[in-house]
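Start counting the sequence shown at 1; every next residue gets the next number (full-length UniProt numbering).
Idealized CB from N, CA, C, for every residue including glycine.
Here's the structure, in structure tokens; my notes come after.
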Amino acid sequence: MSTAPYPLHRTNPTRHASVLALLAPLLLIACDPEATDAGSDTDTAQTEDDPALNEPVLPAELLDYGHDLPAHFETPRVDAVDNTPGDNPITDAGATLGRVLFWDRQLSENRTVACGSCHDPASGFSDTAVLSEGFAGDLTRRNSMPLANLRWYERGAMFWDERADTLEDQVLMPIQDAAEMGLTLDELVARVSTTDYYAPMFEAAFGDAQVSAERISQALSQFVRSIASYSSAWDEGVALVNGDIAQDLPNFTPEQNRGKDLFFGPGRCGACHMPGNSLTPPLPGGQPPPLTNLALWFVDEPVNNGLLDASDGGLGETTGLAADDGKFKSPSLRNVALTGPYMHDGRFETLAEVVEHYDSGIEAHPNLDPRLRDPQNGGAPIRLNLNAADRAALVAFLGTLTDPTLADDPRWSDPFAP
1 MSTAPYPLHR TNPTRHASVL ALLAPLLLIA CDPEATDAGS DTDTAQTEDD
51 PALNEPVLPA ELLDYGHDLP AHFETPRVDA VDNTPGDNPI TDAGATLGRV
101 LFWDRQLSEN RTVACGSCHD PASGFSDTAV LSEGFAGDLT RRNSMPLANL
151 RWYERGAMFW DERADTLEDQ VLMPIQDAAE MGLTLDELVA RVSTTDYYAP
201 MFEAAFGDAQ VSAERISQAL SQFVRSIASY SSAWDEGVAL VNGDIAQDLP
251 NFTPEQNRGK DLFFGPGRCG ACHMPGNSLT PPLPGGQPPP LTNLALWFVD
301 EPVNNGLLDA SDGGLGETTG LAADDGKFKS PSLRNVALTG PYMHDGRFET
351 LAEVVEHYDS GIEAHPNLDP RLRDPQNGGA PIRLNLNAAD RAALVAFLGT
401 LTDPTLADDP RWSDPFAP
């Protein structure tokens, strides 16, 4: 892991060297250029060049899925929202198994699509398409959500409409979706059970080679929760000023600092996207209090953000409540410059369009979030009246949330890639 230019604290160190013996057969096969699967007759429609027939290539030692987190992640606020369940902690062997499952195209009906097909690390673990294409060419209903830092979404529920109560529930749903991957759970278990390279990995992760849907869910969830983003210019700047972001961050350009001030000030963006900060009472004299959260960039619950879409009820479809119609979970803003197109339906191609929406395009709706209403105008949608320079500064600031290490970290890369 690359070192960061700011104070670090060790957390979750989980190296399991003892399981290497269990993985040795897989490692030898994966690293042996003479090893082939020519003796297997899995599918006459496939060829030896098809990555679905390849063995995953894994390092000789298990990668360390612990994290050297910066100091602003080591706070009670961040610890309190960690949704990792006590019975499924992140382990090196479990996350390694999850990584292989995540990238394995055999987990789709015709062996052409993996979980990773719609969650590209170079795009912040999202999809550059408005709607993602499934195994048979059908399209998903909504835009693919980015995956980084899902561990720190306090509610723990997943998807735009939060129809999955936990990540453990969510990771199996695309596999079963008729448009996405098209397998039943029984077919999934059978396919994994008959793939030779999985047996030592399940034994390393769980103590024996038994394959079950629950274990697949646990391993995939460990892998996804391990995807952590904390090495952006923002994180470096926060450390350089010891958390006092009221001052200019010395590693920012003037435009980026202007965008920061707008984000937490007149732009009102921080009221939603940095929960735990903007809604606390002001200090005497009217000054905002010190921020208690400098790490998390999630909206704390699904909101209606003034996007009219009569065809998609969002959270309302999950709860059946009219008061939830048009509310959607919001992805983290980390790496947001990479994760377009934006919103649940991918309607905005650029961040400039997103900023313009919040500046002047919010539509009235009975469920519009109160933070997006103007109390001085009868609760009508707010109008920020930003000028062009202000809008550009906000876009520049959002670019400082990009973590350049995310795309090439070997822990999350495709082990089937040539």
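Close CB contacts of N54 within its chain, under the 7 angstroms cut and outside five residues either way in sequence, are with F416 (chain order).
Contact between K327 and N293 fails: their C-beta atoms lie close to 22 angstroms from each other, not under 8 angstroms. By the neighbour-count definition (other C-beta atoms within 10 Å, threshold 16), G340 is a buried residue. Annotation note: the segment 311-388 contains no uninterrupted beta strand (DSSP E) run of length 3 or greater. Spatial neighbours of L240 in its own chain (CB-CB distance under 8 angstroms, excluding positions within 5 residues in sequence) are listed in chain order as Y6, L249, P250 and N251. By the C-beta criterion, the segment 330-346 is judged to be in contact with the segment 128-136, since at least 3 inter-stretch pairs fall below 8 angstroms.
When L386, E109, R371 and I227 are compared, the shortest CA-CA separation from A380 is found for R371. When rounded, the separation of the alpha-carbon atoms in G378 and G306 is 16 angstroms. Taking C-beta atoms as the reference points, M201 and L351 fail to come closer than 7 angstroms. Approximately 11 angstroms separates the beta-carbon atoms of A204 and A95; this is outside 8 angstroms, ruling out the contact.
The beta carbon of E133 lies closer than 7 angstroms to those of L139 in the same chain, with the five residues before and after it left out. DSSP, read as helix, strand or coil, puts M181 in coil. It is roughly 42 angstroms from the alpha-carbon of A295 to the alpha-carbon of T194. Judged by DSSP in its simplified three-state form, H67 adopts strand.
In this structure, the beta-carbon distance from L401 to S231 does not fall below 7 angstroms. DSSP places E133 within a strand segment (E or B) once states are collapsed to three.
If you check the CB distance, R99 and F206 do not come in under 7 angstroms.
Checking the DSSP bridge columns, you'll see S126 partnered with D120. Annotated three-state conformation of M173 is helix, per DSSP. V336 has its alpha-carbon roughly 15 angstroms from the corresponding atom of D235. About 4 angstroms separates the beta carbons of S108 and M181, which is inside the 8 angstroms limit, making them a contact pair. DSSP, read as helix, strand or coil, puts V113 in coil.
Cβ-Cβ distances below 8 angstroms link R373 to G379, A380, P381 and I382 in the same chain, with the five nearest sequence neighbours on each side left out; the list follows chain order.
Remark: C-beta atoms of P121 and L394 do not approach each other more closely than 7 angstroms.
Measuring C-alpha to C-alpha distances from T319 to each of T112, M145, R163 and F135 identifies R163 as the nearest. By alpha-carbon distance to V189, the top candidate from Q106, F298, M274 and G265 is Q106. Membership of D261 in the alpha helix (DSSP H) is indicated by the continuous run P254 to F264.
Residues S217, L220, S221 and V224 of the same chain have their beta carbon placed closer than 7 angstroms to that of V171, with the five preceding and five following residues left out of the count.
Counted as a single uninterrupted DSSP element, the stretch harbouring A209 is not any alpha helix (DSSP H), since DSSP gives it neither H nor E. Under the three-state reduction of DSSP, M274 is assigned to coil, being neither helix nor strand. Take the alpha-carbon of S123 and the one of S229: they are about 13 angstroms apart. The closest CA to that of D244, considering only C118, F264 and H67, is found on F264. Judged by DSSP secondary structure, W103 falls within the alpha helix (DSSP H) whose first and last residues are D92 to W103. Short of 8 angstroms from the beta carbon of A213, and not among the five residues preceding or following it, lie these beta carbons of its own chain, in chain order: L172, L185, L188 and V189. Buried is the label assigned to P302, since at least 16 other Cβ atoms lie within 10 Å of its Cβ. Annotation: Q247 to P56 spans about 48 angstroms, alpha carbon to alpha carbon.
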